Structure formats: C-alpha cells, structure tokens
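Below is one structure; the comments refer to it alone.
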Amino acid sequence: MRRLWLIFTQAVTVSVAVLFVIGSLKPEWLHGEGPAPLPAVTIVEASTAPTRSAGELSPVSYAGAAQQALPAVVHIYTRQTARIPNHPLMNDPVFRHFFSTPERTGLGSGVIVDPQGYVLTNNHVIENADEIEAVLNDGRKFEARLIGRDPETDLAVLRLADATSLPAIAFAPADSLTVGDVVLAIGNPFGIGQTVTMGIASALGRNHLGINTFENYIQTDAAINPGNSGGALIDGSGRLVGINTAIYSRGNNTRGGDSPSGGGLGIGFAIPVSIARMVLEQIVANGEVVRGWVGIEMREITPEFAESFDLASEHGVLITSVLHGSPADKSGAQPGDILVAINGQEVQAPREMLDLVASLPPGQVAAFRLLRGSRKIELKIAVGRRPTPRTAR
622 MRRLWLIFTQ
632 AVTVSVAVLF
642 VIGSLKPEWL
652 HGEGPAPLPA
662 VTIVEASTAP
672 TRSAGELSPV
682 SYAGAAQQAL
692 PAVVHIYTRQ
702 TARIPNHPLM
712 NDPVFRHFFS
722 TPERTGLGSG
732 VIVDPQGYVL
742 TNNHVIENAD
752 EIEAVLNDGR
762 KFEARLIGRD
772 PETDLAVLRL
782 ADATSLPAIA
792 FAPADSLTVG
802 DVVLAIGNPF
812 GIGQTVTMGI
822 ASALGRNHLG
832 INTFENYIQT
842 DAAINPGNSG
852 GALIDGSGRL
862 VGINTAIYSR
872 GNNTRGGDSP
882 SGGGLGIGFA
892 IPVSIARMVL
902 EQIVANGEVV
912 RGWVGIEMRE
922 ITPEFAESFD
932 LASEHGVLIT
942 SVLHGSPADK
952 SGAQPGDILV
962 AINGQEVQAP
972 REMLDLVASL
982 PPGQVAAFRL
992 LRGSRKIELK
1002 IAVGRRPTPR
1012 TAR
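Just so we're aligned: the sequence shown equals residues 622 to 1014 in this note's numbering.
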C-alpha cells in the first residue's frame, strides 16, 4: 500500500512539472488558439496646408497679412544735437575738439505709403531731430528728409532720399474697421527689430485723452511699446488701418515712445487711416495741413448743466467765449449762444464742432444756426485759417 502511494505522488509531481513547462513554453496547447494580434497602428498624417496668397485671411494664421505689410514698415533712427548756449570759447577749434557738443538719439517706426519714398510716422518720433535715417526690413538704409508735420494729430511725412520702387503699404477703406476685428501692430519696439503683435480693435473714436488736439483713436490690445510709434496697424488682409501712436500706462496716456513704465497694459491707440490719408495728402500738396477756424470756445451741454443754467435747449454746444476779432466775433456770435448746427449738420458735442469747422476750407462762408435765449439765429461766418501751433525745431 505504501508503495502504491509513493507511485501516485511521483506521478502527480511529474504531471504538475510537465504542465508548468507546457504552460510556460506553449500556452496555446492548453487554451487552444491565442488572442488575435493587435492591428498595426495607422498614423493619420496631416495633409499639407494649402498655400495662401498674401493677405488671404486664415482662421489660425495671419502670416499672409504680415508678409504683405512687413516690407513697408521701416525703422526710424534720429539724432539731435543738444543745444549749448553760445560762448566765446566755442569759436576755438581746440576747445570744440575737447568739449564736443553732446548728441541724443531716438528711435521709432514709419510706414512707406508711396513707392517713391514717402513715409508716414509720428511727429513726436522726429520732433527736433537734426538727422533722420530710415532702415528697411531688408537692411537698406536711407537718409530721410522731413516734408511736413502736423503736431495737432501727431503725424509727420518724410521722404527717403534717392528711393524708387519701394514696397508701399495698401490703405484700407476709411470705414472698413469694426470693433472686434483682428489687427496686427508692426514696428520696432525697444529697438530690438521688426516685431508683429496681434490683438483686436477694442474701440473706435476714442477721444478726450489729452494727447492731441484732434483725437479720434482706434483702441487696441495689440501690444504697442516704445519704438512702435509711427508703425503700422493693419487688418487681417495686410491693409493699413492706423498709425500706432500712444499707449496707456498707469494714470497716464502717453505717446508710444515716452511711457515711463516701458510698456502698455493692453490699451494702445492708433490714428485711423482716414486722418492719416488726409494729413498725408495735404502735407505732400502744401507742406502743411490747412484747417478751418472761427475763433470760439465751447463746452458740452449735459441735462444737469442745462437745468442749472436754465438753458433753452439740451441740444448743441454752449459757446463759452468768442475771440476778439475772430470770424465768429465779426459775424456777431456771443458767449452764451448755443450752437445747434453748421451748414445744416447738427452739432452735439464740442469734438464734433471742432472737427466740422476744421474740415471747412478757409474763405468759405458757412451757415451757423444758433439759439440765443429762446430766439433762433442764423449767422453767416467766413471761415478763417486755423493758426499753426508753434513748436520748436
């Protein structure tokens, strides 16, 4: 009996050993066919992106717009010789050699608007400069000559010397930009080289900023930094919609090259293309911008103001002063009159009145409709020429 038990245990041990070996080396013998192998991984290759022509809008890239506009945006470098009071020793060449006149340099951007070398930039970029140099995107350098400037819009026009067949930017239609449109700002921030930043048109018609006399800015969150001044603000098709001019810094609205904080806070301002075109055309034709003027100062009429002063109307603007000898004075306008319309066009705010009068050619007789108390008056005023601001050169 004992021998039979020994034989049984040895047989079980051998069987278990055989099963272990088979399970390790040939498991399919025990379980039939094994699981089917996994299919090979099929990688779906992205198709090659279609080639876009310059200016064609893409939902994911504005490379075409940038490539179209980049060659027309230039770096502007200025040099100004510091003015030292006259001194007899300055006539001595030895003294001048050892005590040379210091120089200050500045930088900004500009936009080529004509193949023959006309460039739009900001007045504050070239103001008081003795030498101006423009460097194109391809590295070419040109001496630039000032053709004219308009401090009241902070625009200036330069002409590049001996330049022909230059890449000029295309102008967008005056009213093509709407709030929410994508815009690109191109310039030379901090002098590091040509840079493109993207944002949207955050608002249109911004004024009361205290930057210039005539304000009608595009507000954008595209990054605008010192050195961007005078550069291009373009739309998604690469067309010029504005000239980058100013940034908002804490507590201040400052021109693009003068920010004490060294950068913006998502609020930048650009001069719209409609104003830029008008200034460009007038400066090229006349060397300056000619605007109409009648010699009155005014303020807005709010409901509270009208009630406090018992004014007959809440519409129009209140004439607060009339310059002696001005066209308005000669025609009989008086402080306290309410200006309602000019040439039949209603006026609701001082800014509207300023822009409307400025657009009138000097010498034209314009019809001013006024309220004097409860009486309606119409004056014929011969528009004068707006005095040019005196600025240092």
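Cβ coordinates follow ideal geometry from the N, Cα and C atoms, glycine included. Note that the coordinates shown come from a computational prediction; the quantities given were computed from them, not determined experimentally.
Item	Value
Under a three-way DSSP split, which group does residue 896 fall into?	helix
Residues in the same chain with beta-carbon distance under 7 Å from residue 953, minus the five sequence neighbours each way, listed in chain order, please.	1000
Run through DSSP, which three-state label would residue 701 get?	strand
Please confirm if the stretch 845 to 861 is in contact with the stretch 826 to 836, defined as three or more CB-CB distances below 8 Å between the two stretches.	no
If we call anything under 8 Å between Cβ atoms a contact, is residue 804 one with residue 855?	yes
Measure how close the beta-carbons of residue 702 and residue 726 come, nearest whole angstrom, since I'm counting them as under 8 Å.	In fact, because the Cβ distance is near 11 Å, the residues do not count as touching under 8 Å.
Which complete beta strand (DSSP E) runs does the stretch 928 to 993 hold, if anything under 3 residues is left out?	938 to 943, 959 to 963, 986 to 993
How is the beta strand (DSSP E) around residue 839 delimited, first residue to last?	838 to 841
Using C-beta distances below 7 Å, list every residue in its chain close to residue 895, excluding the 5 sequence neighbours before and after it, in chain order.	795
For residue 731 and residue 964, what's the separation of their Cα atoms in angstroms?	37 Å
Identify the residues that DSSP records as bridge partners of residue 818: which are they?	806
Looking at residue 1004 and residue 889, is the spacing between their C-beta atoms short of 8 Å?	no
Once DSSP output is grouped into helix, strand and coil, what is the label at residue 1032?	The structure shown has nothing for residue 1032, since the chain only spans 622 to 1014.
So which of 852, 987, 757 has the shortest CA-CA distance to residue 787?	757
By the three-class DSSP mapping on this structure, what secondary structure does residue 773 have?	coil
Which first and last residues belong to the alpha helix (DSSP H) in which residue 746 is found?	744 to 747
What do you get for residue 801, buried or exposed, if any count of 16 or more other CB atoms within 10 angstroms of its CB means buried?	exposed
Below 6 Å CB to CB, which residues in the same chain sit around residue 750 once its five sequence neighbours on both sides are set aside?	699, 701
What does a CB cutoff of less than 6 Å around residue 910 pick up in its chain, not counting 5 residues either side in sequence?	771, 900, 903
Do three or more CB pairs link the stretch 685 to 697 to the stretch 728 to 748 at distances below 8 Å?	yes
Around the Cβ of residue 813, are there at least 16 other Cβ atoms within 10 angstroms (buried) or fewer (exposed)?	exposed
Taking the continuous beta strand (DSSP E) assigned at residue 782, which residues delimit it?	It is not in any beta strand (DSSP E) - residue 782 carries neither H nor E in the DSSP assignment.
Helix, strand or coil for residue 757, going by three-state DSSP, please let me know.	coil
The alpha helix (DSSP H) spanning residue 686 covers which residue range?	684 to 690
Is the beta carbon of residue 947 sitting closer than 8 Å to the one on residue 984?	no
What do you get for residue 689, buried or exposed, if any count of 16 or more other CB atoms within 10 angstroms of its CB means buried?	buried
Helix, strand or coil for residue 812 per DSSP?	helix
Look at the alpha carbon of residue 603 and the alpha carbon of residue 807, and state the distance between them as a whole number of angstroms.	Lying before the first or after the last residue shown, residue 603 is absent from the chain, which here runs from 622 to 1014.
Can you tell me whether DSSP reads residue 835 as helix, strand or coil?	coil
When you compare only the Cα positions, how much space is there between residue 828 and residue 868?	13 Å
Under a Cβ-count criterion, where at least 16 other Cβ atoms within 10 Å of its own Cβ denotes burial, should residue 980 be classed as buried or exposed?	exposed
By the DSSP assignment, the beta strand (DSSP E) with residue 996 in it spans what residues?	996 to 1003
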